[in-house]
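Residue numbers (the numbering used here): 3 to 503.
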Amino acid sequence: MERKIRIFDTTLRDGEQAPGCGMNLEEKIEIARQLELLGVDIIEAGFAISSPGDFTSVQAIAREIRGCTVASLARAVEKDIDTAYEAVKHAESPLVHTFIATSPVHMQYKLRMTPEQVLERAASAVAYAARLCPNVEFSAEDAMRSDREFLARVVEAAIASGAKTVNIPDTVGYVTPEEMFSVITYLKSAVPNIDKAVLSVHCHNDLGMAVANSLSGIKAGAGQVECTVNGLGERAGNAALEEIVMAIKTRREFLNCYTGIDTRQISRTSKLVYGIIGQTPSINKPIIGANAFAHEAGIHQHGVLAERTTYEIMSPEDVGITKSKLILGKHSGKHAIEDRLREMGYYLDGKKLTECYEKFKDLCDKKKNIVDSDLEALVNDREYVQSHYRLEYFDVHTAKASSSTCVIRLGKNDEVFEEVSLGDGPINAAYNAIDKITGGICDELNNYGIHSVSDGKDALGEVTVRLRAGDRTVTGRGLSTDIIESSILAYINGINKLIQQ
Ligand code: KIV
Ligand code: ZN
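Here you go:
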């Protein structure tokens, strides 16, 4: 019989652990709302005990999100479990996710525990969590490098202690699809109480096999898959949600399963997450890369025009990529913009729609043809930091073979600050002037990136910068048709985030 596979999204926990992917509270809530629209079954909102910020965001998401389960991670210790439950308890459907490592290398060197102690701890942690929360998931960290018989005993003990889901992670992205298939098949037959819980897989992508391994786990009988939007995550990342979901949709008969995901929200979700962390996909990234549905070779174009399925196994519309339309321009009213946004899958409420419309009108003064991708960039160009510095004015002078100068004026509440600075190029001059005003809060700037949002000489340019202050790293973003202005906005956005965190 065809099975429904639960999608457990861990973008806000495992994904956010990736260097430079830290997000603030508003950004996390924005992503959680979009995951709810996307139709994921579970949102792992964070690791509540890891920091006060994580606790607050898990709690805020638990309070806000309705219609899907909200989880917090917890080590197999009572304090972690108490904190995780405290953070998720107001969710419509709370979940405590507790874990302990079961591989010899982790038990010996990280935990300094014997296998029997780990077994006992796994069981007691699950039992403790189950007394607090009706829904408990247990993960055997590094399961794929664990002894199978021992893993089976731990899984059995976790289920006997009350775990409703048991997750089998490939923590270091080590196994091949055949091995994953064989471990899940083995657990299904070797664990006597396996029918009392759902088996889950959680794969990392170190050898580029996370999605293949996840599908193999599903084929062998896993009923839940853990993944992140855009495959975000530490090192080479986690299994990409959009790839797993589209593989299940496209190969539904072969895999004999389906998901509850509204795939038309995939493109939008992916862009939101990339926008927040200040990254863009490589052009050939499956499902969401710019070339994922492009046919360059003449023979392919001819085939697709004659019959789409000759070279296309999915349609761009399935993942929410609509054919780019020309927006009417400066005479378009707010309703026309609202209608177009709805067609593109964006439902903005009154205040956000007005903000977006104001930005649209400003853009009309600078750019002749405005297309969907411009509109989408305006929607995603939200100022998540409410206070701190804002750009009031700048004036840059630059010439070949001499230093550039920048005068910059920033506002902060009712105050206005102005500085002038020299620099090696206009952006460096502007950043030096901003540093004078903001007191040089940023220790290091790296990964300056620029890309155009649409085509044409007057395209909107989006700049992203990664800024570090001590051990905190944030991404700043700026959007304008003027790349110096985008660069300044990105730097100010990053500084505001550093101040806020
Ligand atoms: O990769 C992993 O093992 C994890 C667990 C904590 C679930 O992220
Ligand atoms: Zn993981």
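Ideal placement from N, C-alpha and C gives every residue a C-beta, glycine not left out.
Distance between residue j and residue i (C-alpha atoms, nearest Å)
i	j	result
Y359	D376	12 Å
E158	P194	7 Å
L414	E394	Checking the sequence shown, residue 414 turns out to be Lys, not Leu. About 10 Å.
C205	L350	35 Å
D208	A142	19 Å
P283	R133	43 Å
V247	E32	21 Å
K459	I490	20 Å
T12	T312	35 Å
A238	G210	8 Å
S456	S269	16 Å
L234	V321	18 Å
I51	A76	7 Å
V398	M346	37 Å
A86	A129	15 Å
M115	M109	5 Å
L39	R344	14 Å
T167	Q61	22 Å
G55	G277	21 Å
A249	T187	21 Å
G480	F396	15 Å
Simplified DSSP assignment, three categories, for residue i
i	result
N498	helix
F183	helix
T312	helix
P288	coil
G262	coil
A129	helix
E88	helix
G305	helix
N232	helix
A154	helix
N415	coil
G17	helix
G277	helix
A238	coil
R474	strand
E94	coil
E4	coil
R114	coil
S269	helix
M25	coil
N293	coil
H108	helix
The ligand ZN heavy atom lying under 7 Å from the CB of residue i
i	result
P21	no
D16	yes
N215	no
N448	no
N240	yes
Near the ligand KIV: residue i beta-carbon under 7 Å from a heavy atom
i	result
P171	yes
L153	no
S141	yes
L113	no
H206	yes
L234	no
F101	yes
L97	no
L75	yes
Counterpart residues of residue i in DSSP-defined beta bridges
i	result
A397	The question names Ala, but residue 397 in the sequence shown is Asp. Per DSSP, V409.
T466	G451 and R479
I9	V227
T100	A76 and F140
R392	G413
G425	S406
E244	E244 is not bridged to any residue.
E446	R470
E319	For E319, which the question treats as bridged, DSSP gives no partner whatsoever.
E420	R411
Handout entry: Those runs of the alpha helix (DSSP H) which lie wholly inside the region 159–230 and span at least 4 residues
Key = 179–192 and 212–222
Practice task
Give, in chain order, every unbroken run of the beta strand (DSSP E) that is at least 3 residues long and sits entirely within the region 29–73.
Solution key: 44–48
Exercise for the section: Enumerate, from N- to C-terminal direction, the unbroken alpha helix (DSSP H) stretches of 4 or more residues contained entirely within the region 337–387. Expected result: 352–368 and 374–382
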